[in-house]
Amino acid sequence: MSDPGATPTVLVGVDLGLPHFDAELEELGLLAQTAGMHPVARIVCKRRAPDAALFVGSGKADEIRQLALAHGAVEVLFDQSLSPAQQRNLERHLEMPVNDRTLLILEIFAQRARSHEGKLQVELARLQYLSTRLVRRWSHLERQTGGAGVRGGPGEKQIELDRRMIGDSIKRTKERLQKVKRQRQTQRRQRERRDAFNISLVGYTNAGKSTLFNALVKARAYAADQLFATLDTTTRQLYLADESSAGGGAGRSVSLSDTVGFIRDLPHGLVNAFQATLQEAVDADLLLHVVDGANPGYPEQIAEVQRVLHEIGADTIPQLLVFNKLDAMDESRRPVRLEDSYELDGVDTPRIFVSARQGEGMQNLRRWLAQRVAARDITDSNEVFSTQNHEVAP
Ligand SMILES: Nc1nc2c(ncn2[C@@H]2O[C@H](COP(=O)(O)OP(=O)(O)OP(=O)(O)O)[C@@H](O)[C@H]2O)c(=O)[nH]1
Ligand SMILES: [Mg+2]
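Note that the numbering used here has the sequence shown beginning at 3, numbered continuously upward.
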């Protein structure tokens with residue numbers, strides 16, 4: 003699937019004994035392809051702690067260089083975050099550009115952002131990333147120029163100017179972002195109706211949220227085997243037919259939002275920047291937490307999504323777990339029942355298995371949603387009723 007113009011790249015993973023270490027470098031490979039690189043070789047090693055200068059030992063660094071040359075790679079990509087110094091030293095040692103997962107994610111977000119707000123958010127995150135790198139580079143320069151008590155070396159003026167320029171850009175971008183945010187909030191308030199029921203799709207990147215969204219609302223949101231195919235939130239009306247024979251089903255529309263995918267170790271600037279995008283999720287009445295049930299690493303991915311939901315204050319919203327990609331599950335791992343419950347952070351959470359792509363289980367999902375929305379409508383009218391009673395009673 004990688005195009006001929008893609009940059010040949012070596013992927014490097016360093017096992018520091020952390021639980022989510024990905025020995026196959028599967029996710030890094032997908033990220034690399036999404037960013038327009040072509041992974042031509044992979045290498046992993048084990049270390050108790052990163053080397054301060056090169057992250058890996060110098061013997062390993064030589065090995066990486068040999069591997070890169072043998073496969074015609076022109077760039078090296080680390081799965082772990084490199085400090086600015088490690089990155090610089092590695093580039094010198096390997097004589098080619100070296101990047102890490104953080105930069106890769108920033109790159110992809112920059113390529114994918116479509117809306118005005120999304121672009122501003124990415125711009126802000128990049129400036130912040132850049133400013134930490136530059137500051138460290140500056141202090142390195144300052145040490146060289148301003149040694150032995152001499153203040154004001156030749157580069158200092160330029161450094162001061164650059165620093166001020168980046169600081170100004172950050173400030174300006176933040177102000178523009180603030181303005182766009184206010185506009186969006188006003189729009190949302192206008193959209194909100196008292197009886198609206200909002201459902202948000204959340205889940206790890208590539209779980210199949212957009213595919214499920216499309217299958218449910220027959221829209222055409224961009225779904226692709228890439229990470230972060232979706233960056234902006236899309237909202238559509240979803241009509242839920244009255245499913246129950248007694249007429250207790252929904253028979254009404256709810257709004258359904260497709261959101262950005264989650265990923266572990268999202269660069270810090272992006273976590274903050276994308277809270278606005280995830281705001282839809284915070285405002286929802288129900289979260290459809292979509293899981294790639296065919297990925298053996300799904301428990302880690304669920305945990306990561308839960309962590310972010312907690313961070314943005316969406317962890318108390320009721321959830322339905324949608325285990326997707328039923329068609330791709332090993333025969334031996336296929337569930338006997340397509341509807342059960344799953345213990346999520348100690349809470350018994352309803353779970354439904356579907357194949358958004360092939361349609362299996364989708365009718366079941368629609369029925370579940372219709373019943374859930376109907377139940378909420380009944381509770382709501384009871385609440386109105388009891389409030390009225392309350393007003394009269396005393
Ligand atoms: N086999 C199988 N593949 C699926 C299914 N649903 C989605 N996919 C594939 O999984 C990949 C990711 O799907 P998307 O719908 O883009 O996933 P997403 O969660 O929206 O991803 P991001 O927007 O990148 O966070 C695509 O290649 C889909 O075709 C399914 O039920 N079965
Ligand atoms: Mg998507």
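Each residue gets a CB set at the ideal place from its N, CA and C atoms; glycine is no exception.
Could you tell me if residue i is buried or exposed, where buried requires 16 or more neighbouring beta carbons within 10 angstroms of its beta carbon?
i	result
E97	exposed
A377	exposed
L18	exposed
S257	buried
T237	buried
S334	exposed
P1	It is not possible to answer for residue 1, since the shown part of the chain is limited to 3 through 396.
E345	exposed
M39	buried
L218	buried
Q360	exposed
T11	buried
S60	exposed
K54	This sequence places Ala at residue 54; Lys is not what is there. So A54 counts as exposed.
N391	Bear in mind that the predicted position of N391 carries a pLDDT of just 46, short of 50, making it unreliable; the figure below should be weighed with that in mind. Exposed, by the Cβ-count rule.
Q89	buried
T188	exposed
L203	buried
Below 8 Å on the Cβ atoms is my guess for residue i versus residue j; work out the distance and round it to an integer in Å.
i	j	result
T232	Y224	6 Å
G74	V100	Going by Cβ atoms, the distance from G74 to V100 rounds to 17 Å, so no, they are not a contact pair.
E125	T175	5 Å
L56	R103	Not confirmed; about 17 Å, so no contact.
L129	S85	Incorrect: roughly 19 Å between the Cβ atoms, too far for contact.
L242	R254	6 Å
I168	S133	5 Å
I304	A283	That belief does not hold up - the Cβ atoms of I304 and A283 are roughly 15 Å apart, past 8 Å.
G205	G263	7 Å
D81	L32	Their Cβ separation, rounded to whole angstroms, is 12 Å, which puts D81 and L32 out of contact at 8 Å.
T9	E77	5 Å
V397	L367	This structure does not reach residue 397, given that the chain is present from 3 up to 396, and the question cannot be answered.
Considering just the uninterrupted stretch of the beta strand (DSSP E) at residue i, what are its terminal residues?
i	result
V256	254-260
E341	341-346
I201	200-205
N326	321-326
D285	Careful: D285 lies outside any beta strand (DSSP E) and carries neither H nor E.
L240	236-242
In three-state DSSP terms, what is residue i?
i	result
Q360	coil
G263	coil
P21	coil
K48	strand
A70	helix
Y224	coil
T351	strand
S117	coil
T9	strand
A54	coil
L229	coil
Q82	coil
G59	coil
R335	helix
V182	helix
L268	coil
G169	helix
V124	helix
V375	helix
L129	helix
L290	strand
A296	coil
V16	strand
V273	helix
A316	coil
R368	helix
A43	strand
H392	Residue placement at H392 is poorly supported in this model, since its pLDDT is 46, which falls under 50; the coordinates still yield a value, given next. Correct three-state label for H392: helix.
For residue i, report the span of its alpha helix (DSSP H) as first-last.
i	result
F111	103-114
P86	86-96
T213	211-219
R309	300-313
G31	28-36
Using 7 Å as the cut-off, classify the Cβ of residue i as near or not near the heavy atoms of ligand 4, replying yes or no.
i	result
S117	Summarising the ligand content, the structure contains ligand 1 and ligand 2 and does not contain ligand 4.
Three-pair Cβ contact test at 8 Å for the region 285-297 versus the region 321-332: Two segments are said to touch when three or more pairs of C-beta atoms, one from each, lie closer than 8 Å; by this definition the region 285-297 touches the region 321-332.
Check whether the region 5-17 touches the region 201-213, counting contact only when three or more Cβ pairs, one atom from each stretch, lie closer than 8 Å. Touching, no.
Taking 8 Å as the threshold, find out whether the region 292-307 comes into contact with the region 323-333 through three or more Cβ pairs. The region 292-307, when compared against the region 323-333, does touch it at the 8 Å Cβ threshold.
Is the region 175-191 touching the region 112-119, taking contact as three or more C-beta pairs under 8 Å? At 8 Å Cβ cutoff, the stretches touch.
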